[in-house]
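As structure tokens, the structure follows; a few thoughts come after it.
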Amino acid sequence: LLTRTSILPTDVSIQIQCRRLVIGAVEHFGRIDVLVNNAGRSAHALFEEVEDLDWYEELMRVNLWGAVWCTQAALPHLKRARGSIVAVSSLAGLIGVPGRTAYSATKFAMTGFFEALRAELKGAGVSVTTAYPGVVATQIRYRGFNAAGETAGASGLIEEGAMSVEECARLIIAGMNGRQREVVMTAKGRFGRFLKLLAPGMVEKMALAALKQDVRPH
66 LLTRTSILPT DVSIQIQCRR LVIGAVEHFG RIDVLVNNAG RSAHALFEEV
116 EDLDWYEELM RVNLWGAVWC TQAALPHLKR ARGSIVAVSS LAGLIGVPGR
166 TAYSATKFAM TGFFEALRAE LKGAGVSVTT AYPGVVATQI RYRGFNAAGE
216 TAGASGLIEE GAMSVEECAR LIIAGMNGRQ REVVMTAKGR FGRFLKLLAP
266 GMVEKMALAA LKQDVRPH
């Protein structure tokens with residue numbers, strides 16, 4: 066089985082590059098069946114330790130606006146193909162995580178945008194699946210921002226038991242193929258989402274427990 070591939074380097078924080086990405090994909094493949102909004106960057110810093118908020122804006126451009134711009138450009142093609150949109154959010158887009166105010170803000174924004182878009186596209190033949198991974202064994206946290214807006218070089222989260230990239234991808238693909246509304250990837254995430262409605266204070270304690278000591282509020 067031969068598979069055609071095309072690699073199109075793109076900075077999703079720049080709108081015109083998102084448009085060119087979609088144009089290039091259509092020129093190469095002739096159509097778009099699936100859009101996976103997975104580009105993102107992490108951050109860990111206590112809000113009171115941040116002096117310059119410019120990197121908050123940059124993070125929003127990558128994590129939210131990149132997904133919005135790519136979706137806008139691809140949507141006409143996806144409607145023709147009756148295809149699928151996947152938005153890779155985070156458990157931090159369901160429960161605010163202390164030490165990750167910027168990251169949680171971008172992921173909550175993704176959650177709200179794609180939830181609303183899902184309703185707008187009902188009946189249009191395009192499914193919208195929002196995925197909520199927990200801690201996955203990638204370098205995203207090490208390459209995220211620290212309080213100074215520099216590359217962190219450290220995780221800030223307890224990494225033991227992190228989900229593999231392969232398992233994360235498998236769950237996302239299964240959810241997309243099943244045209245599911247949401248994929249909350251961990252039992253702790255599903256429980257925490259429910260518990261937040263009943264005992265929000267307990268959820269805050271759970272969120273603090275997931276942080277390494279060096280990024281916890283004192």
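Remember, the numbering used here sits 65 above the position in the sequence shown when you count from 1.
Each residue gets a CB set at the ideal place from its N, CA and C atoms; glycine is no exception.
1) Return yes when the C-beta of V127 is under 6 Å from any heavy atom of the ligand GDP, and no when it is not.
2) Hey, would you say V201 sits closer than 7 Å to C233, going by beta carbons?
3) Classify N102 as helix, strand or coil using the three-state DSSP reduction.
4) Using the rule of at least 16 other Cβ atoms within 10 Å of the residue's Cβ for burial, across every protein chain shown, is V248 buried or exposed?
5) Buried or exposed: which applies to T176, given that a residue is buried once 16 or more other Cβ atoms fall within 10 Å of its Cβ?
6) Taking the alpha-carbon of S192 as reference, which of A152, L260, A104 has the nearest alpha-carbon?
7) Enumerate in chain order the residues of its own chain whose CB-to-CB distance from M125 is below 6 Å, with the five nearest sequence positions on each side excluded.
8) Who are I150's beta bridge partners in DSSP?
9) Helix, strand or coil, according to DSSP, for T166 in the structure here?
10) Taking DSSP's pairing of strands, which residues face E247 in a bridge?
11) Looking only at its own chain, which residues have a Cβ that is under 7 Å from the Cβ of H283, when we skip the five neighbours before and after it?
12) On the premise that L273 lies in contact with P163, defined as a C-beta separation below 8 Å, what is that separation, rounded to the nearest angstrom?
13) For F210, write down the residues that DSSP places opposite it in a beta bridge.
14) Please return the same chain residues whose Cβ sits closer than 6 Å to the Cβ of D76, not counting the five positions on each side in sequence.
15) Let's see if you can read the secondary structure: which residues bound the alpha helix (DSSP H) around A157?
16) Please report the straight-line C-alpha distance between G158 and G131, rounded to a whole angstrom.
17) Do three or more CB pairs link the region 114 to 128 to the region 247 to 262 at distances below 8 Å?
18) Candidates E92, G148, S78: which alpha carbon is nearest R69's?
19) In the structure shown, what three-state DSSP assignment does V201 receive?
20) Taking the beta carbon of L156 as the centre, do at least 16 other beta carbons fall within 10 Å, making it buried, or is it exposed?
21) Could you check if G148 is buried or exposed, using at least 16 other CB atoms within 10 Å of its CB as the buried criterion?
22) I'd like the list of long-range same chain contacts for L66, defined as Cβ closer than 7 Å, with 5 residues on each side in sequence excluded.
23) Excluding the 5 residues preceding and the 5 following K144 in the sequence, name in chain order all residues of the same chain whose CB lies nearer than 7 Å to its CB.
So, from the listed chains and residues:
1) No copy of the ligand GDP appears in this structure; indeed no ligand is present at all.
2) Reading the sequence shown from its first residue, position 136 is the one you call residue 201. Reading the sequence shown from its first residue, position 168 is the one you call residue 233. In this structure, C233 lies closer than 7 Å to V201 by Cβ.
3) Locating residue 102 in the sequence shown gives position 37, counting from the first residue. Strand.
4) Position 183 of the sequence shown, counting from 1, holds the residue named residue 248. V248 comes out buried.
5) Reading the sequence shown from its first residue, position 111 is the one you call residue 176. By the neighbour-count rule (16 or more Cβ atoms within 10 Å), T176 is buried.
6) Here the question's residue 192 lines up with position 127 in the sequence shown. It is A152 whose Cα lies nearest to the Cα of S192.
7) Taking the sequence shown and counting its residues from 1, the one referred to as residue 125 is at position 60. Spatial neighbours of M125 in its own chain (CB-CB distance under 6 Å, excluding positions within 5 residues in sequence) are listed in chain order as T171.
8) Along the sequence shown, one-based indexing puts residue 150 at 85. Paired residue(s): L100, V193.
9) Reading the sequence shown from its first residue, position 101 is the one you call residue 166. Helix.
10) Against the sequence shown, residue 247 aligns to sequence position 182. Bridge pairing for E247: T195 [DSSP].
11) Taking the first residue of the sequence shown as 1, we reach residue 283 at position 218. Residue placement at H283 is flagged as unreliable, the pLDDT there being 46, under the threshold of 50; the coordinate-derived value follows with that caveat. Closer than 7 Å at Cβ, skipping near neighbours: no residue.
12) Counting from one through the sequence shown, the residue named residue 163 turns up at place 98. Counting from one through the sequence shown, the residue named residue 273 turns up at place 208. Confirmed, Cβ separation roughly 6 Å.
13) As a working note, residue 210 is residue 145 in the sequence shown. In the DSSP output, where bridge partners are listed per residue, F210 has A108, T216.
14) Against the sequence shown, residue 76 aligns to sequence position 11. The beta carbon of D76 sits closer than 6 Å to the beta carbons of Q82 from its chain, once the five residues preceding and following it are set aside; these are given in chain order.
15) The count along the sequence shown starts at 1 and reaches residue 157 at position 92. For A157, no alpha helix (DSSP H) segment is defined, and its DSSP state is neither H nor E.
16) Within the sequence shown, numbered from 1, the residue matching residue 158 stands at position 93. Within the sequence shown, numbered from 1, the residue matching residue 131 stands at position 66. Rounded to whole angstroms, G158 and G131 show a C-alpha spacing of 16 Å.
17) No: fewer than three Cβ pairs fall under 8 Å.
18) Within the sequence shown, the letter at position 4 stands for residue 69. Checking every option, the nearest Cα to that of R69 belongs to E92.
19) Here residue 201 is taken as the residue at index 136 of the sequence shown, counted from 1. In this structure, V201 counts as strand in the three-state DSSP scheme.
20) Here the question's residue 156 lines up with position 91 in the sequence shown. The residue in question, L156, is buried, as its Cβ has 16 or more Cβ neighbours within 10 Å.
21) Taking the first residue of the sequence shown as 1, we reach residue 148 at position 83. Its Cβ being crowded by 16 or more others within 10 Å, G148 is buried.
22) Position 1 of the sequence shown, counted from the first residue, corresponds to residue 66. Unreliable positioning characterises L66 in this predicted model, as indicated by a pLDDT of 46, which lies under 50. The coordinate reading is nonetheless provided below. Within the same chain, L66 has no close Cβ partners at all.
23) The count along the sequence shown starts at 1 and reaches residue 144 at position 79. Taking K144 as the centre and dropping the five residues before and after it, the same chain places the C-beta of A189, G190, V191 closer than 7 Å to its C-beta, in chain order.
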